[in-house]
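Chemist: In case it helps, this note's numbering puts the sequence shown at residues 292 to 481.
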Amino acid sequence: IWLAGGPDYEQRLIYSAEGAPEQFGAFAFYELGNIDAGDITGLVPYYGVLLVFRERGIDAVVPDQAGILYRVSVVSRDVGTTATNTLTLVPGVGVLFLTADGPRVVSGSPSAMTVSSPNTRVSREGRRINESALPRASAAWSPMEREWWCHYCSDGSATPDRGLVYHVDLDTWSVRAALTSPSDPGAFLF
Numbered sequence: 292i293w294l295a296g297g298p299d300y301e302q303r304l305i306y307s308a309e310g311a312p313e314q315f316g317a318f319a320f321y322e323l324g325n326i327d328a329g330d331i332t333g334l335v336p337y338y339g340v341l342l343v344f345r346e347r348g349i350d351a352v353v354p355d356q357a358g359i360l361y362r363v364s365v366v367s368r369d370v371g372t373t374a375t376n377t378l379t380l381v382p383g384v385g386v387l388f389l390t391a392d393g394p395r396v397v398s399g400s401p402s403a404m405t406v407s408s409p410n411t412r413v414s415r416e417g418r419r420i421n422e423s424a425l426p427r428a429s430a431a432w433s434p435m436e437r438e439w440w441c442h443y444c445s446d447g448s449a450t451p452d453r454g455l456v457y458h459v460d461l462d463t464w465s466v467r468a469a470l471t472s473p474s475d476p477g478a479f480l481f
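1. With a threshold of 16 other CB atoms inside 10 Å of the CB of residue 302, please say whether the residue is buried or exposed.
2. With H, G and I counted as helix, E and B as strand and the rest as coil, what does DSSP make of residue 394?
3. Please classify residue 462 as buried or exposed, where buried requires at least 16 neighbouring CB atoms within 10 angstroms.
4. Cα-Cα, which of 345, 465, 344 and 427 is closest to residue 444?
5. Where does residue 415 fall in DSSP's three states?
6. How about residue 398 and residue 417: are their beta carbons less than 8 Å apart?
7. For residue 322, which residues in the same chain have their Cβ closer than 7 Å to its Cβ, ignoring the five residues on either side in sequence?
8. Check the C-beta distance from residue 404 over to residue 351 and give it rounded, since I have them as a contact under 8 Å.
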């Protein structure tokens, strides 16, 4: 089991003993350091690798050949997120998530992971995202519809009022917006 963060340990990854998830050794941790990347915001398993999302970066914890020792490597020092409820594994695509600039995706093999914008056509929508309310964003993957839905606060709003939908089979995006004003009872129907 991997744990991360907490008061006074914002950049520490703690791991349990193998086969004993309730036992954590005194030295069973990795101190990620590098304050430039910020604090740990989320953890996501990705095909045998543990992705460690930070405020302004992404690291990967990769096991050695025997699966006993681990190494921590940098995936990105340019992109991170505080929208941890948007971290979603989308089969065949990668890990989609929202940043203050719009959606991003981590993809590739453990030895060659990349972070990219899945589609430049939604870049204008990224300018509307309320960065201070980014932790309120959420997303979900629908295996039946094969769509990734992400809702976020826009233009200074404190509640999610817009959404992006990634249609995997069509490799296209659509935008959802509130149908009526926020004061109406049905305002947040998308």
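For each residue, glycine too, the CB sits at the ideal point set by N, CA and C.
The structure displayed is predicted, hence computed values, not measured ones.
Modeler: Let me lay it out:
1. In the sequence shown, the residue the question calls residue 302 occupies position 11. Looking at its Cβ environment, which holds 16 or more other Cβ atoms inside 10 Å, residue 302 is buried.
2. As a first step, residue 394 is located in the sequence shown; it is residue number 103 there, counting from the start. Looking at residue 394 - three-state DSSP - the assignment turns out to be strand.
3. Residue numbering aside, residue 462 sits at position 171 when the sequence shown is read from its first letter. Counting Cβ neighbours within 10 Å, residue 462 comes out exposed, since fewer than 16 surround it.
4. Stepping through the sequence shown from its first residue, residue 444 is reached at position 153. Of the listed residues, the one whose Cα sits closest to residue 444 is 427.
5. For the purposes of this step, residue 415 is taken as residue 124 along the sequence shown, with counting starting at 1. In the structure shown, residue 415 sits in a helix (DSSP, three-state: H, G or I).
6. Sequence index remark: in the sequence shown, residue 398 carries index 107 (1-based). Sequence index remark: in the sequence shown, residue 417 carries index 126 (1-based). No, Cβ-Cβ distance for residue 398 and residue 417 is not below 8 Å.
7. Working through the sequence shown from its first residue, we reach residue 322 at position 31. Only 302 and 303 meet the Cβ criterion.
8. On the sequence shown, position 113 is the one that residue 404 refers to. On the sequence shown, position 60 is the one that residue 351 refers to. About 6 Å separates the two Cβ atoms, so the contact holds.
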